[in-house]
Structures are given as structure tokens and as C-alpha cells.
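Asks: Structure incoming, see below.
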Amino acid sequence: MKHEEAIELVKKKLPERRFQHTMGVYEAALALSEHYGENCKKVGLAAILHDYAKGMDQESMMLLIQASKYPNKILKWNPVVWHGFVAAYLMKEKYKINDQDVLDAIAYHTTGHKSMNDLAKIVYLADMTEKGRDFPGVEDIRKLSFENLDEAMLFAVKITLQHLLEDEETIAPYTIGLYNALLNLKKD
Numbered sequence: 018m019k020h021e022e023a024i025e026l027v028k029k030k031l032p033e034r035r036f037q038h039t040m041g042v043y044e045a046a047l048a049l050s051e052h053y054g055e056n057c058k059k060v061g062l063a064a065i066l067h068d069y070a071k072g073m074d075q076e077s078m079m080l081l082i083q084a085s086k087y088p089n090k091i092l093k094w095n096p097v098v099w100h101g102f103v104a105a106y107l108m109k110e111k112y113k114i115n116d117q118d119v120l121d122a123i124a125y126h127t128t129g130h131k132s133m134n135d136l137a138k139i140v141y142l143a144d145m146t147e148k149g150r151d152f153p154g155v156e157d158i159r160k161l162s163f164e165n166l167d168e169a170m171l172f173a174v175k176i177t178l179q180h181l182l183e184d185e186e187t188i189a190p191y192t193i194g195l196y197n198a199l200l201n202l203k204k205d
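Under the numbering used here, think of the first position of the sequence shown as 18, with each following residue one higher.
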């Protein structure tokens, strides 16, 4: 799928505010992709499609997760993280996108995963740092994103964990696995 087609697809699907967020993620992801020499076509496609399922109701997402290859344990996690897995599933099944790098970047943009490659990390960071984001630490993540992907990821995950802990929200095991993997990278 070409970027223009993907943009039209999400423009029809998402409310204007979410579409503007998506375009901000796309711009941020392309900038990081160029900086790190990643495949701009893949990164851009994943960035455009990352929130495709964001507005779906929980029951529909639950059924799609059950139909997918993703483990049903995801359904025990906070439903806020489901849309990434559902979007990846729909992109594969409905739109025949078979590039696993793109699908993984879409799926894990909410929870992260210990085996994320640089493409997925770029989409994760772009989602957190697009120009519309404003939270304590976002400027630090933006700066670190262009210095070292893994350090930026570790800092971003720490902020996410702090937020989830303060709000007494559940933490997806994939997020904890990502944190541990990044911490171990730093120690090596």
C-alpha cells in the first residue's frame, strides 16, 4: 500500500483530531527514519496506519483479537492498548499487508515489546513525540530520539511506567519486558 492510499484510508476512518495526530506521527517518524537510515516506506506506512483501529468499540476489538494470532492474554490488559494489535490484524487480513516489520510496528506502538527492531522503535517514539504531544519529559524524549534510539526508548518507557503507576493503571507485560530488555542493553 502506498502512503497516499494509507492516508486516504485513515482520513476516512479517523476523526479529524486523531487524523492530525496520525499525520504528526508520520512526519516525526519520517524525520527519525531519515536520521537513522531506516526504510522510509515501511516506517511511513506503519506510522500512518498505527491508530487505524483507535475508535473501535471494545467488543469489536475483543472479537478481532480472539480471531488473530495475538495471544488472548492481551484481553486481560487495559483495553487502551488493544487498538494496535487490532490495527495490525486488520492491515494483514483486510488490506493484505504482509510485511512483518510494518505489522509489528503497528501492533507494538501501544505496549512496546522486548524484541522491537529500530523501525518499531521509531514508530513508538514518533507516536510519543509528534508535535501535538505536550507532557512533562516530551522535549527530552524528542532530543534523545535523535541521539540514541535505545536511550530514548528507555526514557520514554520510564515516563509511561510512571504515568501508569501514578494513575493506578495496569501495565502490559510487554511493556515490562521492553523496559527490562532496554535496561539490559544499557548494562552491556
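Beta carbons are placed, not taken as given, at the ideal position from N, Cα and C, and that holds for glycine. Quick caveat: nothing in here was measured; it's all calculated off a predicted structure.
1. Could you tell me whether the Cβ atoms of residue 143 and residue 66 are closer together than 9 Å?
2. Is it the case that the region 95-106 contacts the region 117-125, given that we only count it when at least three CB pairs across the two stretches are under 8 Å?
3. Buried or exposed for residue 52, going by 16 or more other Cβ atoms inside 10 Å?
4. Return the chain-ordered ranges of every beta strand (DSSP E) run that is complete within the region 74-115 and spans a minimum of 3 residues.
5. From residue 54 to residue 173, what does the alpha carbon distance come to, in whole angstroms?
6. To the nearest angstrom, report how far apart residue 185 and residue 83 are at their CA atoms.
7. Rounded to the nearest angstrom, how far is the Cβ of residue 161 from that of residue 63, given a contact under 8 Å?
8. Give the straight-line distance between the Cα atoms of residue 78 and residue 98, rounded to the nearest whole angstrom.
9. State buried or exposed for residue 164, treating a residue as buried only when at least 16 other CB atoms are found within 10 Å of its CB.
10. Residue 194 lies in the alpha helix (DSSP H); which residues open and close that run?
11. Going by DSSP in three states, residue 183 sits in which element: helix, strand or coil?
Replies: Per the coordinate set shown:
1. no
2. yes
3. So residue 52 counts as exposed.
4. none
5. Rounded to whole angstroms, residue 54 to residue 173 spans 21 Å at the Cα level.
6. 27 Å
7. Contact doesn't hold; Cβ gap of about 21 Å is too wide.
8. 10 Å
9. exposed
10. 190-204
11. Three-state result, residue 183: helix.
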